[in-house]
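In structure tokens form, the structure reads like this:
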């Protein structure tokens with residue numbers, strides 16, 4: 081907990097620098113070789129965990145705010161964050177509204193206000209990045225999706241909504257460029273989809289559908305090695321991949 | 081333009097009742113028998129048009145705010161509005177910020193603040209609803225998509241982003257229940273998709289793909305009439321339709 085002096089200073093700073101009533105929360109999913117995780121913070125003196133979040137500077141575009149917040153709180157830079165939903169329940173920040181209510185009158189306590197939170201998500205290779213906690217947090221860690229601890233505020237709802245948005249995205253946008261090696265086999269790519277969707281997919285249907293999207297190039301030579309039947313290697317066709325990112329799949333309407 | 085007295089009153093009311101820095105804009109698309117329109121407002125004394133928009137009451141969930149705003153400004157009630165994006169450029173409300181800057185000092189003028197706008201969209205049968213302008217507007221009208229007038233602020237960006245979101249939605253969610261008659265032919269449903277996408281679709285591919293979604297029931301008897309080859313009639317399988325609305329299509333991964 082902050083002391084009263086710290087709270088007053090924090091409220092004055094916040095009132096001067098940030099937009100009232102608006103916050104941002106980031107859901108960063110990590111993938112590496114068939115494992116899927118989410119990035120969480122644990123603050124000092126609180127049992128529950130948080131998504132990395134913060135506020136919008138008075139003259140700052142919201143996309144820049146999302147990236148700055150993620151950088152400040154976790155040390156992660158240059159992550160492509162995608163806006164997915166605004167969480168606007170009037171009681172969503174009640175825990176924080178009440179936290180310091182005995183310390184400072186409501187009208188002087190910036191944190192007693194209602195906050196709408198704009199949710200952003202990203203999917204990165206967790207092996208490539210090492211998160212660092214900020215001053216408010218005792219740890220900043222990748223947690224397995226099936227071992228997510230109890231989250232503060234409505235952060236479980238934000239996390240689950242982001243996961244739904246990521247899964248939906250598999251139906252209309254390509255995924256995986258920053259997650260797969262330069263060349264990969266069809267089973268390796270299928271594993272990415274299965275991990276995100278948390279279910280097994282039919283091998284032949286997967287291959288037929290992903291090839292129809294037109295975002296893969298097949299190498300002429302199969303992978304060399306001792307295997308009886310060497311698998312074909314694929315790489316992303318970056319031009320078609322980027323086109324599909326903005327225009328949707330060829331397989332669309 | 082408001083008089084100075086009206087502006088002062090409006091600012092005082094707004095400061096007391098609404099969240100600072102947050103607005104909502106609604107993009108309501110209308111469809112009827114192969115015609116597609118968007119609902120726009122024209123205010124008194126301004127040449128440019130607006131999307132119906134407004135502010136969030138201090139204790140109001142944002143979904144309720146979106147519906148109240150649409151009702152107050154256009155008379156349309158019980159429209160299912162879907163959140164699609166937050167528009168957060170710091171300069172997006174500059175026109176309104178400057179409009180009354182000579183009349184009232186910035187710190188007293190609530191409208192001089194920065195506003196993030198949460199965008200909502202809906203698709204309705206425009207034949208079923210008659211919009212009514214509110215007190216600020218001289219007209220509230222359905223305009224053809226290819227005849228949208230010049231829009232104020234960043235409302236053209238909001239409109240276009242909503243249209244992209246609606247088109248994307250055709251790839252992962254069913255559409256049309258409130259837009260088609262109870263029974264319809266395959267070409268009638270195809271016309272809905274073609275109108276939204278603004279392009280011709282292949283008849284056989286459309287039929288194959290839409291049937292694979294499993295949201296249609298085919299009537300046993302073809303439509304009666306004088307035609308040489310009577311077309312089959314379809315209706316939505318409401319259980320599967322609603323399931324696909326929340327879970328995505330069977331045709332997904």
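Chains as they are written, first to last, in this note's numbering: chain A, 81 to 333; chain B, 81 to 333.
For every residue, glycine included, the Cβ atom is placed at its ideal position computed from N, Cα and C.
If I measure Cβ to Cβ from residue 262 of chain B and keep anything under 7 Å in the same chain, skipping five residues before and after, which residues do I get? Mapped onto the second chain, residue 262 of chain B falls at position 182. Closer than 7 Å at Cβ, skipping near neighbours: 315.
From residue 268 of chain B to residue 198 of chain B, what does the alpha carbon distance come to, in whole angstroms? The residue given as residue 268 of chain B occupies position 188 in the second chain. The residue given as residue 198 of chain B occupies position 118 in the second chain. When rounded, the distance between both Cα atoms is 33 Å.
Spatial distance of residue 110 of chain A from residue 141 of chain B (CA atoms): Residue 110 of chain A sits at position 30 when you count from the first residue of the first chain. Residue 141 of chain B sits at position 61 when you count from the first residue of the second chain. Distance between the alpha carbons of residue 110 of chain A and residue 141 of chain B: 32 Å.
Put residue 326 of chain B into one of helix, strand or coil per three-state DSSP. Indexing the second chain from 1 puts residue 326 of chain B at position 246. Correct three-state label for residue 326 of chain B: helix.
How far does the alpha helix (DSSP H) with residue 246 of chain A in it extend, from its first residue to its last? Taking the first chain and counting its residues from 1, the one referred to as residue 246 of chain A is at position 166. Counting along the chain, the alpha helix (DSSP H) containing residue 246 of chain A begins and ends at 235-249.
Within 8 Å of any Cβ in chain A, is that where the Cβ of residue 296 of chain B sits? Locating residue 296 of chain B in the second chain gives position 216, counting from the first residue. It does not: the Cβ of residue 296 of chain B has no partner Cβ on chain A nearer than 8 Å.
Looking only at DSSP bridge pairs, what is residue 296 of chain A linked to? Along the first chain, one-based indexing puts residue 296 of chain A at 216. Answer is A/316.
Comparing the C-beta of residue 198 of chain B with each C-beta of chain A, is any distance below 8 Å? Taking the second chain and counting its residues from 1, the one referred to as residue 198 of chain B is at position 118. By this cut-off, residue 198 of chain B is an interface position.
What are the boundary residues of the beta strand (DSSP E) that residue 154 of chain B is part of? Locating residue 154 of chain B in the second chain gives position 74, where the first residue counts as 1. Where residue 154 of chain B is concerned, there is no enclosing beta strand (DSSP E), although the alpha helix (DSSP H) it sits in stretches over 142-154.
Taking its Cβ as the centre, do 16 or more other Cβ atoms sit within 10 Å of residue 105 of chain A, making it buried, or is it exposed? The residue labelled residue 105 of chain A in the question sits at position 25 within the first chain. The residue in question, residue 105 of chain A, is buried, as its Cβ has 16 or more Cβ neighbours within 10 Å.
Would DSSP call residue 264 of chain B helix, strand or coil? Within the second chain, numbered from 1, the residue matching residue 264 of chain B stands at position 184. Three-state result, residue 264 of chain B: strand.
Can you tell me where the beta strand (DSSP E) with residue 165 of chain A in it begins and where it stops? Stepping through the first chain from its first residue, residue 165 of chain A is reached at position 85. Residues 162-167.
Against chain B, with Cβ distances strictly below 8 Å, would residue 99 of chain A count as a contact? Counting from 1 along the first chain, the entry for residue 99 of chain A is found at position 19. Output row for residue 99 of chain A: interface = yes.
Could you give the distance in angstroms between the alpha-carbon of residue 312 of chain A and the alpha-carbon of residue 290 of chain A? On the first chain, residue 312 of chain A is found 232 positions in, with the first residue counted as 1. On the first chain, residue 290 of chain A is found 210 positions in, with the first residue counted as 1. Cα to Cα, residue 312 of chain A sits roughly 15 Å from residue 290 of chain A.
Answer yes or no: do residue 98 of chain A and residue 138 of chain A have a C-beta to C-beta separation smaller than 8 Å? The residue given as residue 98 of chain A occupies position 18 in the first chain. The residue given as residue 138 of chain A occupies position 58 in the first chain. Yes; because the gap between Cβ atoms is below 8 Å, this pair is in contact.
May I ask you to list the residues that DSSP assigns as paired with residue 228 of chain A? What you label residue 228 of chain A is simply residue 148 of the first chain in a count that begins at 1. Answer is none; residue 228 of chain A lacks a bridge partner.
Residue-chain proximity (residue 194 of chain B, chain A), Cβ-Cβ < 8 Å: Start at 1 with the first residue of the second chain, and residue 194 of chain B comes out as number 114. Yes, because at least one Cβ of chain A sits closer than 8 Å to the Cβ of residue 194 of chain B.
Contact list for residue 252 of chain A against chain B, beta-carbon separation under 8 Å: As a position in the first chain, residue 252 of chain A is number 172, starting the count at 1. Going along chain B in sequence order, the residues near residue 252 of chain A (Cβ under 8 Å) are 248, 251 and 252.
Does the CB of residue 142 of chain B have a neighbour CB from chain A at under 8 Å? Counted from its first residue, the second chain places residue 142 of chain B at position 62. With 8 Å as the cut-off, residue 142 of chain B counts as an interface residue toward chain A.
Minimum length 4: unbroken alpha helix (DSSP H) runs contained in the segment 268-292 of chain A: 283-292
Between residue 169 of chain B and chain A, is any beta-carbon pair separated by less than 8 Å? Translated into the one-based positions of the second chain, residue 169 of chain B becomes position 89. Interface residue, yes.
For residue 258 of chain B, does the count of other Cβ atoms within 10 angstroms reach 16, so buried, or fall short, so exposed? The residue given as residue 258 of chain B occupies position 178 in the second chain. It counts as exposed.
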